[in-house]
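See below for the structure under consideration.
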Amino acid sequence: MRLVADMIRGQKVSKALALLKFQPRASSPVLHKVLLSAVANWQQLNEGSKLEDADLIVKTVFIDGGRMLKRLRPAPQGRAHRIRKRSNHITIVVDDASVSVNEAVIES
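Following this note's numbering, the numbering of the sequence shown begins with 4 at its first residue and continues without gaps.
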């Protein structure tokens with residue numbers, strides 16, 4: 004999942020959605036859904052601005068390890084092999100590119 008997250012980091016949201024839509028990896032639909040949720044959250048916070056006018060970029064993406072389900076699979080001679088089913092915590096921050104440029108100029 005981190006490989007796909009590295010591809011969309013710093014990209015425009017429209018380009019990132021297109022990349023995720025046509026990416027053959029299994030984690031792409033999950034990241035696509037989380038990115039759409041991040042855009043919806045941005046719309047809720049910025050009700051006065053339109054989504055079409057905003058130049059949204061994927062500011063940060065990070066993937067942290069989540070819970071691990073531990074299962075046992077039978078093995079020869081009465082033994083068992085442990086199967087670890089991993090999960091992730093995904094965090095995506097979406098921001099307007101023009102606003103972040105203005106903030107950088109003010110801080111300088």
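No residue lacks a Cβ here, since even glycine has one placed at the ideal position from N, Cα and C.
- Taking a contact to require three or more Cβ pairs closer than 8 Å, the segment 50-57 and the segment 32-39 do not qualify as touching.
- Annotated three-state conformation of residue 4 is coil, per DSSP.
- When only Cα atoms are considered, residue 100 and residue 16 end up about 10 Å apart.
- Between residue 48 and residue 38, the gap from beta carbon to beta carbon reaches 9 Å or more.
- When rounded, the separation of the alpha-carbon atoms in residue 20 and residue 94 is 16 Å.
- Under the criterion of beta carbons closer than 8 Å, residue 8 and residue 86 do not qualify as touching, at roughly 25 Å.
- Within its own chain, the residues whose Cβ lies closer than 8 Å to the Cβ of residue 12, once the five positions on either side in sequence are excluded, are 61, 63 and 64, listed in chain order.
- One Cα belongs to residue 89, the other to residue 71, and the distance between them is close to 5 Å.
- Residue 41 counts as buried, since no fewer than 16 other beta carbons sit within 10 angstroms of its beta carbon.
- Out of 81, 43 and 78, the CA that lies nearest to the CA of residue 97 is found in 43.
- For residue 75, the enclosing beta strand (DSSP E) begins and ends at 59-77.
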